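J.: Residue numbers (this note's numbering): 514 to 600. This is the structure I have questions about; it appears just below.
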């Protein structure tokens, strides 16, 4: 789920999320639309604010190229595809 979808799904305004992460509403909008990039540290802080529902990879796949990059260990197992499962 990307950040825009997260905010919409949980009925959170960009302004409210901006206040939570210490940014402006405009910055949140620019990150959602791809007009602005965050530092790796800020990406992690923003993802943590979503409870890791939004992953670092979903915010910036160049900085975090693998889907589990940047996630705490307890969240990595929940996002990796199952191996060895017969169909």
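We treat Cβ as the ideally placed atom computed from N, Cα and C, and that holds for glycine. This structure is a prediction, so every number in the text was calculated from the model and none was measured.
On a Cα-Cα basis, can you pick out the residue from 529, 530, 557, 524 that is closest to residue 583?
T.: Numbered from its first residue, the chain shown carries residue 583 at position 70. Considering only alpha carbons, the answer is 557.
J.: In whole angstroms, what separates the C-alpha of residue 572 from that of residue 537?
T.: Looking up residue 572 in the chain shown gives position 59. Looking up residue 537 in the chain shown gives position 24. Distance between the alpha carbons of residue 572 and residue 537: 17 Å.
J.: Which residues bound the alpha helix (DSSP H) around residue 566?
T.: Here residue 566 is taken as the residue at index 53 of the chain shown, counted from 1. Looking at the DSSP string, residue 566 is not in any alpha helix (DSSP H), and its letter there is neither H nor E.
J.: Measure the alpha-carbon distance for residue 568 versus residue 515 and round it to whole angstroms.
T.: In the chain shown, counting from the first residue as 1, residue 568 sits at position 55. In the chain shown, counting from the first residue as 1, residue 515 sits at position 2. Here the alpha carbon of residue 568 sits roughly 8 Å from the alpha carbon of residue 515.
J.: Looking at the secondary structure, which residues open and close the alpha helix (DSSP H) in which residue 546 lies?
T.: Walking along the chain shown from the start, residue 546 turns up at place 33. Note, residue 546: alpha helix (DSSP H), 538-546.
J.: Using 8 Å for Cβ pairs, my map puts residue 581 next to residue 553. What's the rounded Cβ distance?
T.: The residue given as residue 581 occupies position 68 in the chain shown. The residue given as residue 553 occupies position 40 in the chain shown. Going by Cβ atoms, the distance from residue 581 to residue 553 rounds to 15 Å, so no, they are not a contact pair.
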